[in-house]
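Here is the structure we will look at, set down as structure tokens.
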Amino acid sequence: DPLVGPRCRALFEDGGVDDRLLVMLFLMAERLRPTSLWKPYLDVLPSTFGSSVWFDDEELAEVEGTTLHRATVMQKKSLQALFNDKVKALVEELLHIDEAGSSIEVRFEDFLWANSIFWTRALNIPLPHSYVFPGSLDGQQIRTGEVLGDSDLTTQQETDTTTKNSSCDENSESHNMESIWVEGLVPGIDFCNHNVKALATWEVDSEGNLTGIPASMYLILAQAGKSSVETGTEIYINYGNKGNEELLYLYGFVVDNNPDDYLMVHYPVEALRQLQSADIKMKLIEMQKAELRCLLPTSLLDRGFFGTSTSSGEDDDNKKKHFSSYSWSGQRKVPSYLQKNVFPQEFLSTLRTIAMQEHELEQVASLLGEVGSSEDGEPSDAEIKSAIWEVCGDNGALGLLVDLLRVKMAELEE
Numbered sequence: 001d002p003l004v005g006p007r008c009r010a011l012f013e014d015g016g017v018d019d020r021l022l023v024m025l026f027l028m029a030e031r032l033r034p035t036s037l038w039k040p041y042l043d044v045l046p047s048t049f050g051s052s053v054w055f056d057d058e059e060l061a062e063v064e065g066t067t068l069h070r071a072t073v074m075q076k077k078s079l080q081a082l083f084n085d086k087v088k089a090l091v092e093e094l095l096h097i098d099e100a101g102s103s104i105e106v107r108f109e110d111f112l113w114a115n116s117i118f119w120t121r122a123l124n125i126p127l128p129h130s131y132v133f134p135g136s137l138d139g140q141q142i143r144t145g146e147v148l149g150d151s152d153l154t155t156q157q158e159t160d161t162t163t164k165n166s167s168c169d170e171n172s173e174s175h176n177m178e179s180i181w182v183e184g185l186v187p188g189i190d191f192c193n194h195n196v197k198a199l200a201t202w203e204v205d206s207e208g209n210l211t212g213i214p215a216s217m218y219l220i221l222a223q224a225g226k227s228s229v230e231t232g233t234e235i236y237i238n239y240g241n242k243g244n245e246e247l248l249y250l251y252g253f254v255v256d257n258n259p260d261d262y263l264m265v266h267y268p269v270e271a272l273r274q275l276q277s278a279d280i281k282m283k284l285i286e287m288q289k290a291e292l293r294c295l296l297p298t299s300l301l302d303r304g305f306f307g308t309s310t311s312s313g314e315d316d317d318n319k320k321k322h323f324s325s326y327s328w329s330g331q332r333k334v335p336s337y338l339q340k341n342v343f344p345q346e347f348l349s350t351l352r353t354i355a356m357q358e359h360e361l362e363q364v365a366s367l368l369g370e371v372g373s374s375e376d377g378e379p380s381d382a383e384i385k386s387a388i389w390e391v392c393g394d395n396g397a398l399g400l401l402v403d404l405l406r407v408k409m410a411e412l413e414e
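In structure tokens:
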């Protein structure tokens, strides 16, 4: 953009904003500026949305007790703080570049609109290295996705992506041939709605052989052997494997009988920090590469949390080997429910660690001391899992899991 482009590039180069926030700032400024060159495109974009950040108090109360409710409340607070601290002043600065926009008021609703436009329409776009990183940016590191979202649902977005420039002494020609993935809007493709059985996918024409324009994007029919569609047929693309809470949170719609819908069970970080020996347990969880939450596809829950196993015989053998290696003394047998349990071991490892009593922590430390440690001075994740399983088994973990499920049920029934 000849008017605000130089200032937007400077903001990006300085590291004050990431690619996502930069697009939102640009959208706000161009929508508010009466003489915007982008007016024809902006005029056809929606002005209201069904996503949960647009819910009024009564609508938000309908989902109270869900992950969606907590994420929405957190996101509204985060967006309001970001608007007050940074966005309002930056958009006013962009508007003042043009005298016609110097007196325009910038409201939080404008930011909410731009945020929704971005999250409902953005694509991850490969751009030439020389375009994303001009000479003045060599050697810098740009982090994207740090501004928005620190909730259970926003972690499902592709956040905190790191794009690091190659070292300055590399051949500049190879730099120019690289593709850097940047999130942004692609007018035209961004009008496609979502369907699990997408009619089309989008592709990049890097050399311009098909479109005549290098680094351009186009739609291609996803169905093999099909080269055309009937006039009036809506062309869908697939937004990815997302459950209904995430779809409603990001896009403002849900899918009937969504095959990707899931139940999330998690142990709150705040509660973990209040436990006795919290620092030690958090360190053990990290060293085991364990998870504080698990996502259970609803298809797994048709027969409850201990349903009939649908895994292959090879998978079952791997599970047994996994558990057999845990017991050094042979006292811990392979659980009878192993092949039926739908909860991933990464989550159960966390619950075993959290449920440990002080004397059990001491026993685990003693076992780890007996086997020594790896070359870097710390026991491996497998050794830690083995020691905790040997000392604790699943009794405490399953009791804690029952408590978490009861809390989840109580939240949903409120």
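Quick note, the sequence shown lines up with residues 1 to 414 if you use the UniProt record's numbering. Backbone N, C-alpha and C define an ideal beta-carbon position, used for all residues, glycine too. Given the structure is predicted, the values throughout are model-derived calculations rather than measurements.
| Beta-carbon contacts of asparagine 238 that lie in its chain and below 6 Å, excluding the five residues immediately before and after | Ala198
| Relative to the C-alpha of glycine 396, which residue among Tyr337, Arg352 and Leu275 is closest? | Arg352
| request: With DSSP collapsed to three states, give me the class of glutamate 109. | output: helix
| said: Only counting the same chain, and skipping five residues up and downstream in sequence, which positions put a Cβ closer than 6 Å to that of arginine 31? | reply: Leu42
| So leucine 37 is in the beta strand (DSSP E); what residue range does that whole segment cover? | Neither: leucine 37 is in no beta strand (DSSP E) and is coded neither H nor E.
| message | Rounded to the nearest angstrom, what separates isoleucine 117 and leucine 21 at their Cα positions? | response | 12 Å
| query | Between which two residues does the alpha helix (DSSP H) carrying tryptophan 202 extend? | reply | Premise fails: tryptophan 202 lies in the beta strand (DSSP E), 200-205, not in any alpha helix (DSSP H).
| task | Along the alpha helix (DSSP H) that carries tryptophan 54, what are the first and last residues, could you check? | result | Where tryptophan 54 is concerned, there is no enclosing alpha helix (DSSP H), given that its DSSP letter is neither H nor E.
| Three-state secondary structure (DSSP) of glutamate 291 | coil
| task | Return the residue from the list Leu248, Tyr262, Arg293 and Asn257 that minimises the CA-CA distance to proline 268. | result | Arg293
| message | Helix, strand or coil, according to DSSP, for glutamate 99 in the structure here? | response | helix
| request: On a CA-only basis, which of Asp14, Pro6 and Gly15 is nearest phenylalanine 26? Give me that one, please. | output: Pro6
| request: Would you be able to state if there are at least three C-beta pairs under 8 Å between the segment 252-268 and the segment 205-222? | output: no
| Helix, strand or coil: which one does DSSP assign to asparagine 257? | coil
| query | Going by C-alpha distance, which of Lys283, Leu123 and Ala200 is nearest lysine 226? | reply | Ala200
| task | Below 6 Å CB to CB, which residues in the same chain sit around leucine 127 once its five sequence neighbours on both sides are set aside? | result | Ile180 and Val182
| field | Beta-carbon spacing of threonine 120, tyrosine 251 below 8 Å | value | yes
| query | Which word fits asparagine 193, buried or exposed, when buried means at least 16 other C-beta atoms lie within 10 angstroms of its C-beta? | reply | exposed
| request: Sort Asp57, Leu94, Ser349 and Val391 by Cα distance to leucine 11 and report the nearest one. | output: Leu94
| field | Where isoleucine 213 falls, given that 16 or more other Cβ within 10 Å makes a residue buried | value | exposed
| Among residues of its own chain, excluding the 5 on either side of proline 297, which ones have a beta-carbon nearer than 6 Å to its beta-carbon? | Tyr262
| task | Mind checking who histidine 194 pairs with in its DSSP beta bridge? | result | Ile237
| Quick one, which of Leu90, His96, Leu112 and Ser228 has its alpha-carbon nearest serine 47's? | Leu112
| Run through DSSP, which three-state label would tyrosine 218 get? | strand
| said: Bridge partners for glutamate 183 per DSSP, in chain order? | reply: Asn124
| Which residues bound the alpha helix (DSSP H) around methionine 74? | 67-82
| task | Whole angstroms is fine: what's the gap from glutamate 286's alpha carbon to glycine 399's? | result | 22 Å
| So who's on the other strand from proline 297, going by DSSP bridges? | Tyr262
| query | Which value, in whole angstroms, describes the spacing of the CA atoms of lysine 340 and leucine 401? | reply | 16 Å
| query | So arginine 33 and aspartate 98 are in contact, right, with Cβ under 8 Å, and what is the actual spacing, rounded? | reply | 6 Å
| request: Please report the Cβ distance between methionine 217 and glutamate 203, rounded to the nearest whole angstrom; I am assuming they are in contact, meaning their Cβ atoms lie under 8 Å. | output: 7 Å
| task | Report the three-state DSSP secondary structure of methionine 356 (helix, strand or coil). | result | coil
| task | Return helix, strand or coil for lysine 333, following the three-state DSSP convention. | result | coil
| message | So, under 8 Å CB-CB, isoleucine 384 and glutamine 288 are touching, yes? Tell me the CB distance rounded to an integer number of Å. | response | 5 Å
| field | Sequence-distant residues of the same chain with beta carbon closer than 7 Å to leucine 247, five excluded per side | value | Phe253, Val254 and Val255
| query | What do you get for proline 2, buried or exposed, if any count of 16 or more other CB atoms within 10 angstroms of its CB means buried? | reply | exposed
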